[in-house]
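Peer 1:
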Amino acid sequence: MALFLVKRAAESAFVLILGSLLVFTFIRLIPGDPAAAMYGDQLQKLTEADRLRISENLGLDEPLPVQYVHWASQVLQGNWGASYLTGEPADEVIVRTLLPTAVLLIVSQVLMIGLALLFGLTSALRRDSLYDRTVLAVSVLLMAIPPFWLALMMMLFFSIRLGVLPSSGMGAGPFSIRHLILPALVIALSHAGYYIRLFRNHFAASSSGGHLLALRARGVPYRRIVLSHILPNAAAPLIVYTGASLAVSLAGSVVVETIFSWPGLGRLALKSALAHDYPVLLAIVLLSMAFVILVNLLAGLLAAWIDPRLREADTEGGARW
Amino acid sequence: MRNPLKKPLIGFAAFFLAALAGACSAQPADQAADETKQLVYGMEAEIDRVNPVLDESQEIDALLFRGLTKPDEQNKVTPDLAESWTISEDLLTYTFKLREDAVWQDGEPVKADDVVFTLQKILDPKTNTPITGEFQEIADVRTTGDDEVEITLHRPYPPLLDKLKVGIVPKHLLEDENLAESEFNRNPVGNGPFRLKEWKGDGTIVLERNHDYYGNKPKLDEVVFKPVPDANTRLVQLKAGEIDLASLTPSQMEAVKGSDPIKVHEIGTADYRAVMYNFDLEIFHDPKVRQAISLAVDREAMVEGILDGKGEAAYGPLQKSWAAHPDAGQTEGPDRERSAQLLAEAGWNKNSEGILEKDGKLLSFELVAPAQDTVRVALANVVSQQLKPLGIQAKPKPVDQNAVKYDGEEALLIGWGSEFDPDDHTYRLFHSSEIGGGRYNFGKYRNEEVDRLLTEARTATDPEERKAAYGRFQEALAEDPPYTFLVYLDALYGVNEQVTGISDRTLGHHGFGILWNIEEWDKQTD
Chain P
1 MALFLVKRAA
11 ESAFVLILGS
21 LLVFTFIRLI
31 PGDPAAAMYG
41 DQLQKLTEAD
51 RLRISENLGL
61 DEPLPVQYVH
71 WASQVLQGNW
81 GASYLTGEPA
91 DEVIVRTLLP
101 TAVLLIVSQV
111 LMIGLALLFG
121 LTSALRRDSL
131 YDRTVLAVSV
141 LLMAIPPFWL
151 ALMMMLFFSI
161 RLGVLPSSGM
171 GAGPFSIRHL
181 ILPALVIALS
191 HAGYYIRLFR
201 NHFAASSSGG
211 HLLALRARGV
221 PYRRIVLSHI
231 LPNAAAPLIV
241 YTGASLAVSL
251 AGSVVVETIF
261 SWPGLGRLAL
271 KSALAHDYPV
281 LLAIVLLSMA
291 FVILVNLLAG
301 LLAAWIDPRL
311 READTEGGAR
321 W
Chain X
1 MRNPLKKPLI
11 GFAAFFLAAL
21 AGACSAQPAD
31 QAADETKQLV
41 YGMEAEIDRV
51 NPVLDESQEI
61 DALLFRGLTK
71 PDEQNKVTPD
81 LAESWTISED
91 LLTYTFKLRE
101 DAVWQDGEPV
111 KADDVVFTLQ
121 KILDPKTNTP
131 ITGEFQEIAD
141 VRTTGDDEVE
151 ITLHRPYPPL
161 LDKLKVGIVP
171 KHLLEDENLA
181 ESEFNRNPVG
191 NGPFRLKEWK
201 GDGTIVLERN
211 HDYYGNKPKL
221 DEVVFKPVPD
231 ANTRLVQLKA
241 GEIDLASLTP
251 SQMEAVKGSD
261 PIKVHEIGTA
271 DYRAVMYNFD
281 LEIFHDPKVR
291 QAISLAVDRE
301 AMVEGILDGK
311 GEAAYGPLQK
321 SWAAHPDAGQ
331 TEGPDRERSA
341 QLLAEAGWNK
351 NSEGILEKDG
361 KLLSFELVAP
371 AQDTVRVALA
381 NVVSQQLKPL
391 GIQAKPKPVD
401 QNAVKYDGEE
411 ALLIGWGSEF
421 DPDDHTYRLF
431 HSSEIGGGRY
441 NFGKYRNEEV
451 DRLLTEARTA
461 TDPEERKAAY
471 GRFQEALAED
481 PPYTFLVYLD
491 ALYGVNEQVT
501 GISDRTLGHH
511 GFGILWNIEE
521 WDKQTD
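Chains as they are written, first to last, in the UniProt record's numbering: chain P, 1 to 321; chain X, 1 to 526.
1. Measuring CB atoms only, is the stretch 473-490 of chain X touching the stretch 276-293 of chain X, in the sense that at least three cross pairs come out at less than 8 angstroms?
2. Under three-state DSSP, which class holds H425(X)?
3. To the nearest angstrom, report how far apart W516(X) and R209(X) are at their CA atoms.
4. Compare the C-beta of S503(X) against all C-beta atoms of chain P and say whether one is closer than 8 angstroms.
5. If I follow the unbroken alpha helix (DSSP H) through W104(X), where does it start and stop?
6. Could you work out which residue in Y406(X), L161(X), A246(X) and Q136(X) is closest to I262(X) when comparing CA atoms only?
7. Please list, in chain order, all residues of the same chain as A255(X) whose beta carbon is under 7 angstroms from its beta carbon, the five residues on each side excluded.
8. Please tell me whether S261(P) has its Cβ less than 8 angstroms away from any Cβ of chain X.
9. Quick one: which unbroken alpha helix (DSSP H) runs of 4-plus residues sit fully inside the stretch 214-246 of chain P? Chain order, please.
10. Just how far apart, CA to CA, sit L180(P) and R133(P)?
11. Are P370(X) and Q401(X) close, meaning C-beta to C-beta below 8 angstroms?
12. Nearest to E242(X) by alpha carbon, out of K388(X), D113(X), H509(X) and Q38(X)?
13. Can you name, in chain order, every residue of its own chain whose Cβ lies under 8 angstroms from the Cβ of L117(P), other than the five neighbours on each side?
14. In whole angstroms, what separates the C-alpha of Y194(P) from that of A36(P)?
15. For the alpha helix (DSSP H) containing N296(P), name the first residue and the last one.
16. Is there at least one Cβ from chain X nearer than 8 angstroms to I145(P)'s Cβ?
17. Over what stretch of residues does the beta strand (DSSP E) that includes D61(X) continue unbroken?
18. What residues in its chain sit with their C-beta under 8 angstroms from that of A340(X), if we drop five residues either side in the sequence?
19. Under the assumption that P193(X) contacts G215(X) (Cβ atoms under 8 angstroms), give the Cβ distance between them as a whole number of angstroms.
20. When the distance is taken between beta carbons, is A62(X) closer than 8 angstroms to N128(X)?
21. So that I know if they touch, is there some Cβ in chain P lying closer than 8 angstroms to that of H509(X)?
22. Within a Cβ cutoff of 6 angstroms, which residues of the same chain sit near A32(X), ignoring the five residues on either side of it in sequence?
23. Any residues in the stretch 51-68 of chain X with a beta carbon nearer than 7 angstroms to a beta carbon of chain P? Which ones, in chain order?
24. Let me make sure I understand the geometry here. Which of G67(X), L123(X), T426(X) and R428(X) has the alpha-carbon closest to that of E83(X)?
25. So, at 6 angstroms on beta carbons, what are the nonlocal neighbours of L164(X) in its own chain, with the 5 sequence-adjacent residues on each side left out?
26. For E137(X), would you say it is in contact with chain P, using Cβ-to-Cβ distances shorter than 8 angstroms as the test?
27. By Cβ distance, which residues of its chain are closer than 6 angstroms to L246(P), with the 5 residues on each side in sequence left out?
28. For a cutoff of 8 angstroms on Cβ pairs, would you count A26(X) as touching chain P?
29. Taking just the CA atoms, how far does A244(P) sit from A2(P)?
30. What residues in the stretch 42-65 of chain P have a beta carbon less than 8 angstroms from any beta carbon of chain X?
31. Compute the Euclidean distance between the alpha carbons of A290(P) and P146(P), then round it to the nearest angstrom.
32. List the residues of chain X that I113(P) touches, going by C-beta distances under 8 angstroms, in chain order.
33. Does the beta-carbon of residue 351(P) have 16 or more other beta-carbons within 10 angstroms, so that it is buried, or is it exposed?
34. Would I306(P) be called buried (16 or more neighbouring beta carbons within 10 Å of its own) or exposed?
35. Taking just the CA atoms, how far does F430(X) sit from K405(X)?
36. Exposed or buried, what is K126(X) when buried is set at 16 or more other beta-carbons lying within 10 Å of its beta-carbon?
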């Protein structure tokens, strides 16, 4: 187990360093620069002299490797630099968005997994019935619907037609359920289709097999078979997938947060990218990478704890999932 | 088959519905008390900071920070923090007398020192601000008394008075601060009709009436700036009454119904679009070619087809009030016969492929438009189509806005226009002394008569004399066009029908300046 942990931690550190290098280089390749972003659609007013002057003020006139070393050494000391947009320290800007994003992501993940478990399991148990086929068809539909369209439709229905939910903003704070429902539902629904199908197939695979038939023949109640045999057998891969789904949801939150003006990390990421707010953008990318790595690590550990076979495969250098 | 999960299924569904119903029926907690007269403005972009020194004017700036001057309904300069001023005979020295009753929201008086500090910060190369260029004619600014400021210029610069509407910031709170990173920018202390009440976590900014404001007290109790980045969401929220004011696009007009509680204000702007010629290209040297293009384009068709009627044909860079002959250079719609005749006179003949040719050169050029600006791209395409029958090949080329070389493209779909002093977007664009060095005569246009008239108009003191000079300038421009002017854009604002006081002063770029008379705005409560 210790070996497993050390290996994973070393991998993670390597990925983070490589990632920061790539990101640092690539965001400079986006056309435009902070000076241009400052002028917005009045870009033609930006003179070359102003561009150079502003770049110099921001320390962007140095060679890229020098800038990277400077940035990395500052980050190691806990200094993420000041946002070009607001002038505040980048980590403060980001910390402000963490709670709203965490609340949105957790609520939407719970909703999504709830939906996936519910419909995945029920349709797996009635394979090829009309119910099963309906669930599969609806899940394909959910996969195909673009989240931004779903968001607008929900907004039209709940905010305009029914007038019962606010269409954007956060209200008093991230725990305002009224403001949370629509964005959380859109993220959950737009990912649920995939997971319903995935869960259904896993449950279907683990609900067939001679041992289950034997259990039933022995008169074990069906409910117990489902809860103590089918579910645990399918659990390990599902936990791993759910870990990965958090990364997908984090990415998906960019669109949803922007449409619903939810002041989270996704909206901040988009804004920082458009404004070439390098300190904030770099910090966001690095922190999200660390977060995704951590979640996947935890999911892997959890799965290994549940299913000893995985543990052995990994420490023996065998195939991984 | 028994369903062992019926109970959990029903339980989950019941919980979900209950939560939804509970949330829907809960009273909106974030709506203001009924008696508060509150205007909610749905902004395209979140406001990151408020500091008039650091940004191209944001609408919120003028609510918190007032400057020496302000525009009136006709966009003429009127006194604001400065109660009066004198201009020296050589037009190089301006002396401002400040009013004595203006105070910062922390109780300190607004002094001449604050004005000097603000202008020095704008001119400081260490300050990252896009507005430095507007003030570069200032050679020196100093106090000549507690309430007196003297500004000296390098050259006469009539738009100075318009530019001095820039909000003044308090020296006593900012002099020891790093301006870009100061906490002041999110806790602004201003001198304007409103003051900051709350800056919420979701970027919403609530302003309340400033009772210490020296001018007319606002009728509204609160103005809320709420970021709603998505255009469709803005329209949805306008209809639902969640916001009271938002800019709309022409394509959204179809979705606005008579039964919606919105009034749409269509307001003229000084913001025009034109084809700018690069005079490095020999094919553009003969004025007849440019005249022919200006005669051949169908501006009304562009207004109808691209702007959905929300705009106006453009014949020149000046506001109507400043053109001695409003129709200088104007024609009755496109005149393709006259256009073809001019091209023939200039020696251009169609070759076998139907493209005009002269001395082995084709009348063919790239017409670049910033790809992000869909209106400019559409205009470039229409110009190209309209010129094709004449044998002129304008090849539309959308380019990422960050990659556009303003002084290097063969022809460019450009946008300029100032709602203020006529010198503002003319001298800097068309005078030959403004060529090169990153200045704004990007096309390298040279015309001695235009130079002479622009200088005359800039240095004349008598308004009638100035107006006459601008009239002749417009004629000279029509004879030898630097641009082919296409259209003026109208600004569209959707406003809650209970809101009153909105004026239709000609607005700036992107409909900027709608809140200029916010003190007069009111909201009927039902």
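Beta carbons are placed, not taken as given, at the ideal position from N, Cα and C, and that holds for glycine. All of these numbers come straight from a predicted model, not from anything done at the bench.
Peer 2: Concretely, from the data shown:
1. yes
2. coil
3. 15 angstroms
4. no
5. Element bounds for W104(X): n/a, residue is neither H nor E.
6. A246(X)
7. L235
8. Yes, contact with chain X.
9. 222-225
10. 31 angstroms
11. yes
12. Q38(X)
13. Residues F199 of the same chain have their beta carbon placed closer than 8 angstroms to that of L117(P), with the five preceding and five following residues left out of the count.
14. 41 angstroms
15. Y278 to I306
16. no
17. No beta strand (DSSP E) contains D61(X), which is instead part of the alpha helix (DSSP H) from D61 to L64.
18. A292 and L390, listed in sequence order.
19. 6 angstroms
20. no
21. yes
22. Here the model assigns A32(X) a pLDDT of 47, short of 50, so the residue's position is not dependable, and the following value carries that caveat. Only Q38 meet the Cβ criterion.
23. The stretch 51-68 of chain X vs chain P, Cβ under 7 angstroms: E56.
24. G67(X)
25. G67, L68 and T69
26. no
27. Within the same chain, L246(P) has close Cβ partners V295.
28. Note that A26(X) scores a pLDDT of 45, beneath 50, so its modelled location is shaky; the value from the coordinates is reported in the next line. Interface residue, yes.
29. 23 angstroms
30. Q42, L43, Q44, K45, L46, T47, E48, A49, D50, R53, I54, N57 and L58
31. 28 angstroms
32. The premise fails here: I113(P) is roughly 11 angstroms from chain X at the closest Cβ pair, so nothing lies under 8 angstroms.
33. There is no way to answer for residue 351(P), as the model of chain P reaches only from 1 to 321.
34. exposed
35. Cα to Cα, the separation comes out at about 18 angstroms.
36. exposed
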